[in-house]
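What follows is a short report on a single structure.
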Amino acid sequence: MNNQELLDRDSRVICQVYQRDPVVMARGEGVYLYDVEGKRYFDFSAHYSSCCLGHAHPGLTRAIEEQLRVLVSVSAQFATQERIRLAEKLLEAAGGGYDKVLLGCTGSDANESALKIAKSFREGGTIVSFWRGFHGSTAGSAAATGKAEVIQYHPRIAELLPSGFIHVAPPYCYRCDYGKTYPSCKFFCLDFIRKRLNHDGIAKVAAVIIEPIQAAGGVIVPPAGYMESLRRLCSDLHALLIFDEVVTGIGRTGAMFAWMQTGVQPDLLVIGKALTGGYIPGSAVLMAKNIADRIEETILHGHTHSAYPLMCAAAVATLGIVQEEGLSENAKLVGERMLSRLRSIADRSPYIGDVRGQGLLIGVELVKDKGSREPDFPHALLLQRRLLAAGLVTELESSERLGSSVIVLHPPLVLSSQQADEAVDIMEGAIRSLDQDPSLRRGPINEV
């Protein structure tokens, strides 16, 4: 059965709540995906950053197969060797700054847990989060999300969102929401948080939740000194600092966790996606003993598959492989190589406004012209489609609400320098095709 026939079947039986690309994927190997007609693609989405070891990694596959023959599913009322091993491995990987782990199923679930923990530990208070941030699709995590999607703006569905959240501007220096320029701004955006809390009469803040790098917001990388200043703000407010490292964790940015590169350790560290290599759903929240002691008395939080042995075994194997194969360092080195080449391409293109990122998390922002920095939504979509047609799977974060158009690249951490060069060659060709075709600068775009 060919690609179109399968797409037709998919349309008949699947509720299409995600935008679907016109490709049916059949298998994966390493950094590559293959569709049902045999075409090969570089997977620079890596299942929304979760597939950190690439597809069909032999070590992870073997660990999962072995666990299937031992113990797969048992309720969380029982301790298992697998969950003990995972918690110990996570605490060690996090550098010894945490004491206990709460295991979950998804990133949304883990962020929901972290918000409950903060509310309980601080005995109430407002949650501060950031525009363009994404923390999940459950009620609390969606309320913390500042990247407006259906649950935020649909008048009937939005009723599900809890109160007690405020959103503020992130450190998006390329297009500052306040029209400031770094470093002369002296972190005006953080000072504004204090002013908003004061003028809104908010006397108590339970926590501030932030992604060390906003991925779904368009790969927004905070400038030097920002996180230290945010940490001081949290201390002044007696608020917990939550780092949502669902995307940035497990080697993605060139360190096991992105907080290690900032020098700022959060009170709660949230992990998901790549924790299990993306093969089995799983997540975790790391915390100090004093926080754990308090919430053990007040919170009952869990799901049927929280901490189930198959997930724990996959996560232990993933952490071991990342460390043994030096994948954090590989992400750092290959990412620097890609950033250098992409910035060189941007210098020659009138429509690539910015290239930014850290490790193997990179954003390429399209604009109508570099002077105005006005987002170029239709051509960003066209570029993504041309990249897919050329064999490169990417993500597009582009909308009027975001106020930007960014192609996001976060390939598996096993990506080699040669593979990275081949993928950048594809990008360079696609970008050049847009730059050199003046007809694409006039009127609506109809090409798919």
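For the sequence shown, this note's numbering assigns the number 662 to the initial residue and increments by one for each residue that follows.
From the three backbone atoms N, C-alpha and C, an ideal C-beta is built for every residue, glycine too.
Residue environment, residue i, which counts as buried when at least 16 other CB atoms sit within 10 Å
i, result
"G758", "exposed"
"Q1045", "buried"
"S896", "exposed"
"R1103", "The predicted model places R1103 with a pLDDT of 39, which falls under 50 and marks its position as unreliable; any figure quoted below should be read in that light. So R1103 ends up on the exposed side."
"L776", "buried"
"S1065", "buried"
"R1093", "exposed"
"D1086", "exposed"
"H860", "exposed"
"Y887", "buried"
"P719", "exposed"
"D1037", "buried"
"D1015", "buried"
Residue i (DSSP reduced to helix, strand or coil)
i, result
"H860", "helix"
"H708", "helix"
"D852", "helix"
"S1065", "strand"
"F795", "coil"
"V1025", "strand"
"E1035", "coil"
Nearest to residue i (by Cα), restricted to the options the options
i, options, result
"T909", "D760, R688, T923 and L898", "T923"
"N772", "D1098, L947 and S1077", "L947"
"I778", "S790, N951 and C766", "N951"
"G797", "S944, P683 and L851", "S944"
"H964", "V1054, S736 and I1023", "S736"
"A1081", "A975, V995 and V684", "V995"
"L763", "E810, H899 and S774", "S774"
"V869", "G840, Q875, G886 and L901", "L901"
"T767", "L898, P942, D1096 and I827", "P942"
"V866", "C846, V880, H828 and A885", "H828"
"F826", "Y835, Y833 and Q813", "Q813"
"V1067", "P883, N991, T1055 and L822", "T1055"
"I911", "P927, K934, L929 and A717", "K934"
"P1073", "E743, M686 and V983", "V983"
"S845", "M917, P884, A754 and P816", "P884"
"S802", "T722, S1077, I871 and N991", "I871"
"D696", "A755, S1059, Q742 and A1050", "A1050"
"L929", "F918, T937, A949 and G938", "A949"
"R746", "Q1097, R1004, A974 and M999", "A974"
"L853", "T806, F791 and A809", "In the sequence under discussion, the amino acid at residue 853 is Phe, which differs from the Leu named in the question. Answer by Cα proximity: F791."
"A953", "D760, G785 and A830", "D760"
Backbone CA spacing between residue i and residue j [nearest angstrom]
i, j, result
"A1007", "K1031", "10 Å"
"P970", "A707", "24 Å"
"Q665", "R1017", "36 Å"
"S781", "R892", "20 Å"
"C712", "V1075", "10 Å"
"E690", "E997", "24 Å"
"Q823", "L1063", "It is Pro, not Gln, that sits at residue 823 in the sequence shown. Spanning the two alpha carbons is a distance of roughly 22 Å."
"N817", "L1043", "The question names Asn, yet the displayed sequence has Arg at residue 817. Taking the straight line joining both Cα atoms gives about 33 Å."
"L1022", "Y833", "16 Å"
"Q967", "G765", "Position check: residue 967 holds Ser in this sequence, whereas Gln was assumed. Rounded to the nearest angstrom, the two C-alpha atoms are 5 Å apart."
"A1091", "R913", "26 Å"
"N663", "E698", "7 Å"
### Message
Going residue by residue through the region 804–830, where are the continuous beta strand (DSSP E) segments of at least 3 residues, counting only ones entirely within it?
### Response
826–829
### Task
Within the region 734–778, note down every full beta strand (DSSP E) run reaching 3 residues or more, in order along the chain.
761–765
### Whole runs of the beta strand (DSSP E) within the region 935–969, excluding any shorter than 3 residues
944–948
### Query
Going along the chain, which unbroken runs of the beta strand (DSSP E) with 3 or more residues stay wholly within the region 860–929?
866–871 and 901–905
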